[in-house]
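**Student:** Here numbering that gives the first Met the number 0 is used: the first residue of the sequence shown is 0, the next is one more, and so on.
Can you keep this structure in mind? I'll have questions shortly.
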Amino acid sequence: MTEKPRPVLHWDPQYLAKRDFPVVKEEPLSIRIQGNPYSVIMRTPGDEIAHAAGFCLAEGIVDSHADIHSIGYCDDVDTNVVTITLSPAKRAALSPEVLERRGFISQTSCGICGKSVVAELYRHIAFVRDEAVIDPQKAWDLIESLGDYQPMRRQTKASHGTVIMDAEFNCLSSAEDVGRHNALDKAIGKLLLSDNLHRAKIAALSSRVSYELVQKTARAAIPIVLSVSRPTSLAIELAEQLNVSLACLAPDTGLLIFCHPQRFQTD
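Structure, rendered in structure tokens:
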């Protein structure tokens, strides 16, 4: 599912214009088991019932369809909450610890939405105050050249990468991992352990940007996130709140700047 097209600043070496581009929607899905919150998953809306069923199988809560007594939405309006009741036999066979997992968002009722996620995260993450300004041409060149920092990907075609730079595009750290979140954590961790995190101004990612990646960069006080693919709707909302600039490759040439364009020297 995509949101209606958003107004985006399209920077190109030849022009600067506002254009509308769609982004993939990201919303929380709360899964409740036996009436209690079990987990909150960030996902693209659609197929919520199947998503919850497949998740429960992967988690070891159910082994077959017969283990599910009932599954459905919390109410007829909110598709962000799915409730599952296990069969009596399955419930009796499960150890109590299996159902003690809790999602990252405190929730006691059916209502949950992306805005509640942003509001809760905003309370725990400091507003990014660094107003570094960078050259958009160099930003574009950096995203295009991310493969130069990914030897593992060149060999395997199976890893994500993160490169962290200062405002003059000097490389401070880089990392690769099968997980995009892990690659970012590793690159940030290298600077944290060397006491150089304060120099970080740009995080360039080989993947799309979800809200968790905005959360991680904001915690590190990195003001600019560049990526190959477009950010999700929730990533943009969180970045807007935390004063993080987001930009990615445009479909033809240049950059799409989704929020806080003041950090890109466009005049």
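Heads up, the beta-carbon is just placed ideally off N, CA and C, and yes, glycines get one too.
DSSP state of glycine 34, grouped into three classes?
**Tutor:** It is coil, neither helix nor strand.
**Student:** Is the region 232-252 in contact with the region 172-184, if contact means three or more CB pairs nearer than 8 Å?
**Tutor:** Too few Cβ pairs lie closer than 8 Å, so no.
**Student:** Using a Cβ-Cβ cut-off of 8 Å (strictly less than) and excluding sequence neighbours within five positions of isoleucine 133, which residues of its own chain qualify?
**Tutor:** Only Ala166, Phe168, Lys200, Ile201, Ile223, Arg262, Phe263, Gln264 meet the Cβ criterion.
**Student:** Can you tell me the Cα-Cα spacing of proline 21 and threonine 78, whole angstroms?
**Tutor:** In a straight line, the C-alpha of proline 21 is about 22 Å away from that of threonine 78.
**Student:** Rounded to whole angstroms, what's the CA-CA distance from cysteine 247 to proline 12? Just pull it up for me.
**Tutor:** The alpha-carbon atoms of cysteine 247 and proline 12 are separated by roughly 15 Å.
**Student:** Is threonine 84 helix, strand or coil by DSSP?
**Tutor:** Strand at threonine 84.
**Student:** Please go through the same chain and pick out, in chain order, the residues whose beta-carbon is closer than 7 Å to the beta-carbon of asparagine 195, but skip the five residues on each side of it.
**Tutor:** Contacts found: Leu171.
**Student:** At which residue ranges does the region 130-206 contain complete alpha helix (DSSP H) runs of 4 or more residues, listed in the order of the chain?
**Tutor:** Correct list: 135-143, 150-155, 179-192.
**Student:** For valine 243, which three-state DSSP category applies?
**Tutor:** Three-state DSSP puts valine 243 in coil, outside helix and strand.
**Student:** Answer yes if the region 86-99 comes into contact with the region 120-139, meaning at least three C-beta pairs across the two stretches below 8 Å, and no otherwise.
**Tutor:** Output reads no: the region 86-99 does not touch the region 120-139.
**Student:** Since tyrosine 210 sits in a beta bridge, which residues does DSSP pair it with?
**Tutor:** Tyrosine 210 is not bridged to any residue.
**Student:** Using DSSP with H/G/I as helix, E/B as strand and the rest coil, what is proline 260?
**Tutor:** Correct three-state label for proline 260: helix.
**Student:** Alpha carbon to alpha carbon, what distance is there between proline 95 and glutamate 143?
**Tutor:** Looking at the two C-alpha atoms, the distance is approximately 50 Å.
**Student:** If you draw a straight line from the alpha carbon of lysine 24 to that of histidine 197, how long is it in whole angstroms?
**Tutor:** Those two C-alpha atoms are separated by around 32 Å.
**Student:** Excluding sequence positions up to five away, which residues of its chain have a Cβ less than 7 Å from the Cβ of aspartate 176?
**Tutor:** The answer, listed in chain order, is Ser158, His159, Ala182, Lys185.
**Student:** I'd like to confirm something about serine 158: is its beta-carbon nearer than 6 Å to some heavy atom of the ligand COA, or not?
**Tutor:** Inclusion of the ligand COA in the displayed structure is not the case, the ligand content being empty and no account of it being possible.
**Student:** Under 8 Å Cβ to Cβ from serine 108, same chain only, skipping five residues before and after it: list those, please.
**Tutor:** Because the pLDDT at serine 108 is just 49, under 50, the model does not fix this residue reliably, and the point stays unresolved.
**Student:** Can you tell which of Leu85, Asp62, Glu58 has the C-alpha that lies nearest to the C-alpha of glycine 71?
**Tutor:** It is Leu85 whose Cα lies nearest to the Cα of glycine 71.
**Student:** In whole angstroms, what separates the C-alpha of leucine 98 from that of isoleucine 60?
**Tutor:** Spanning the two alpha carbons is a distance of roughly 8 Å.
**Student:** Quick one: is glycine 34 buried, meaning 16 or more other Cβ sit within 10 Å of its Cβ, or exposed?
**Tutor:** Flag for glycine 34 reads exposed.
**Student:** By Cβ distance, which residues of its chain are closer than 8 Å to aspartate 19, with the 5 residues on each side in sequence left out?
**Tutor:** If we look at aspartate 19 and ignore the five residues flanking it on each side, its Cβ neighbours are Pro4, Arg5, Pro6, Val7.
**Student:** To the nearest angstrom, how far is the alpha carbon of threonine 252 from that of proline 150?
**Tutor:** Distance between the alpha carbons of threonine 252 and proline 150: 25 Å.
**Student:** Could you tell me whether the Cβ atoms of valine 162 and alanine 203 are closer together than 7 Å?
**Tutor:** Yes, the pair counts as a contact, with Cβ atoms nearer than the cut-off.
**Student:** Which whole-angstrom value is the C-beta distance of leucine 225 and leucine 93, which I expect to be below 8 Å?
**Tutor:** Contact flag wrong, Cβ pair sits at about 45 Å.
**Student:** In or out: threonine 155 buried (at least 16 other Cβ within 10 Å) or exposed?
**Tutor:** By the neighbour-count rule (16 or more Cβ atoms within 10 Å), threonine 155 is not buried but exposed.
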